[in-house]
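Chains as they are written, first to last, in numbering that gives the first Met the number 0: chain S, 0 to 201; chain G, 0 to 201. Beta carbons: idealized from backbone N, C-alpha and C, even for Gly. Heads up, the thing below is written out as structure tokens.
There are 2 protein chains.
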Amino acid sequence: MLTLLDDPISGNGYKIRLLLAFLDTPYEYRTVSVLKSETRTPEFLAISRNGKIPVLILEDGTVLPESNAILHYLAAGSSWLPSDRLHHAQVLHWMFWEQYSHEPNIATLRFWNHMPELDAAQKAMIPGKHANGLAALKLMNDHLERHDWFVAGAPTIADIALFAYTHVAEEGDFKLADYPNVESWIARMQGLPGFVPMETEA
Amino acid sequence: MLTLLDDPISGNGYKIRLLLAFLDTPYEYRTVSVLKSETRTPEFLAISRNGKIPVLILEDGTVLPESNAILHYLAAGSSWLPSDRLHHAQVLHWMFWEQYSHEPNIATLRFWNHMPELDAAQKAMIPGKHANGLAALKLMNDHLERHDWFVAGAPTIADIALFAYTHVAEEGDFKLADYPNVESWIARMQGLPGFVPMETEA
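Written out as structure tokens, the structure reads:
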């Protein structure tokens, strides 16, 4: 059976939980707390040197880190990952954009709101991350003006990757009501068969 | 013919130039200067809303942004992208890691060294980015202790994605001599048939 090392608070982990629910794939779940620094223990670093969850452990013991790479592995051969060469690259375009232009802004501000205190460097980064987060939500809203889903007219792992932190963006002080196309898309995601909610408070 | 919109100073653009050279694929090259803000003009934003190079324009006019998604599109069906399900996901693991844990530290510090002045928020971010960049180089060096290439014993687009900014890391004030396995891997990359150097100074 697959094993997922994850923290219930993590949107990156929720991506995997959500896809596994859509695929109706059973798995063992092991909690590793980020706020308690359990991702930085020698035991965890021996499993995954980068010290981050989620990590998927395959049946043969192979360790696969990076949420979007795990999504790609699990979705292979399903409708969640189009096999057409261009559509496949377009799914990855949105997933790389998510990791570079969306997650470090929208997810990080949400995470920082969960922390007891920020240092001076983090405080200096808030305005830039907020501006970049607004730009990311606007770009999504513009794309969804003409599309129900991010790629090829059907839900893919690009939607899952983007959904995870977008639907809890208000926890990072973003107002989703300003992005009506994003709100409609969130509702479409939540209406898909097999959908499971994120447990937002650990 | 393929068209690449790019800035010669960009390591993300160099990833594409390097793969196209390895594949011996001809393409039209159009320079868009980042330092002159040519990626933020209405004309460029009409092509790619995210305002970043590189952008690949396919023969039919389809626009594909995000360097690592472009690599994936171009490498499909070649030895640069393994078709095995796990190897494919492992290639993507390293490419997502590059965009999240490597590029924002090592590439950004190099880019900032090219800028005439930094603002207070950027200055506050330098120590954290330097520490994260050191951790990224150490993680690569540790992996390369036991592997000649990042995935499956042969060069893939994971190596290209990581090579682009690693081999010019000294321009961001990192010392590659501290990472001998990384230096050997850089030499292996430079010895591959079809290799072309980056033009590091525009």
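- The alpha helix (DSSP H) runs lying completely inside the stretch 110-156 of chain G and spanning 4 residues or more are 119-145, given in chain order.
- Within chain G, no residue has its beta carbon less than 8 Å from that of glycine 171 of chain S; the closest one is some 17 Å off.
- For valine 181 of chain G, the enclosing alpha helix (DSSP H) has its first and last residue at 179-189.
- DSSP lists no bridge partner for valine 90 of chain G.
- At a cut-off of 8 Å between beta carbons, aspartate 141 of chain G contacts chain S.
- Residue pairing by DSSP places aspartate 6 of chain S in no beta bridge whatsoever.
- In the three-state scheme derived from DSSP, where H, G and I count as helix and E and B as strand, glutamate 58 of chain G is classed as coil.
- Neighbourhood of proline 41 of chain G in chain S, by CB distance below 8 Å: empty, with the nearest CB roughly 14 Å away.
- Proximity of chain S to arginine 84 of chain G at the Cβ level (cut-off 7 Å) is accounted for by Tyr72 and Ala75, in chain order.
- Residue range 26-30 is occupied by the beta strand (DSSP E) that includes tyrosine 26 of chain S.
- Counting only the Cα atoms, glutamate 182 of chain G lies some 31 Å from histidine 71 of chain S.
- With a cut-off of 8 Å on Cβ pairs, the stretch 118-134 of chain G is not in contact with the stretch 31-49 of chain G, counting fewer than three such pairs.
- As computed with DSSP, leucine 1 of chain S is found in a beta bridge with S/Tyr26.
- Non-local C-beta neighbours of leucine 4 of chain G in its own chain, meaning closer than 6 Å and more than five positions away in sequence, comprise Arg29, Val31, Ile52 and Val54, ordered along the chain.
- By the Cβ rule, the stretch 110-119 of chain G does not count as touching the stretch 149-166 of chain G, because fewer than three pairs are nearer than 8 Å.
- Per DSSP, the unbroken alpha helix (DSSP H) holding histidine 71 of chain G starts and ends at 66-74.
- Chain G places a beta carbon closer than 8 Å to that of methionine 124 of chain S, counting this residue as a contact.
- For alanine 45 of chain G, the enclosing alpha helix (DSSP H) begins and ends at 41-46.
- By a beta-carbon distance limit of 8 Å, tyrosine 13 of chain S does not contact leucine 19 of chain S. Their separation comes to about 10 Å.
- Residue pairing by DSSP leaves leucine 161 of chain S without any beta bridge partner.
- Interface criterion met: the Cβ of phenylalanine 95 of chain G is under 8 Å from a Cβ in chain S.
- Not a single CB atom of chain S sits nearer than 8 Å to the CB of leucine 1 of chain G.
- Residues of chain S whose Cβ lies closer than 7 Å to the Cβ of glutamine 98 of chain G are, in chain order, Phe95, Gln98 and Tyr99.
- Close to asparagine 67 of chain S, with beta-carbon spacing below 8 Å, are these residues of chain G in chain order: Leu91 and Phe95.
- The Cβ atoms of glutamate 97 of chain G and alanine 45 of chain G do not sit closer than 8 Å to each other.
- Neighbours of alanine 163 of chain S in chain G, taken as residues whose beta carbon is under 9 Å from its own, are absent, since the nearest beta carbon is some 14 Å off.
- Straight-line measurement puts the Cα of alanine 88 of chain S at about 32 Å from the Cα of phenylalanine 173 of chain G.
- Taking each of S/Asn112, S/Met94, S/Asn67 and S/Leu1 in turn and checking the Cα distance to aspartate 59 of chain S, the smallest one comes out for S/Leu1.
- Leaving aside the five residues that flank glycine 50 of chain S on each side, the residues in its chain whose CB is nearer than 6 Å to its CB run, in chain order, Thr38, Arg39 and Leu44.
- In this structure asparagine 104 of chain G touches alanine 135 of chain G by the C-beta definition: roughly 6 Å separates them, less than 8 Å.
- Its Cα nearest to that of glycine 171 of chain S, the residue S/Ala106 stands out among S/Ala106, S/Pro81 and S/Arg48.
- Minimum Cα-Cα distance from leucine 57 of chain G among the listed residues G/Leu73, G/Pro179 and G/Met139 corresponds to G/Leu73.
- In the structure shown, leucine 63 of chain G adopts extended strand secondary structure according to DSSP, grouped into three states.
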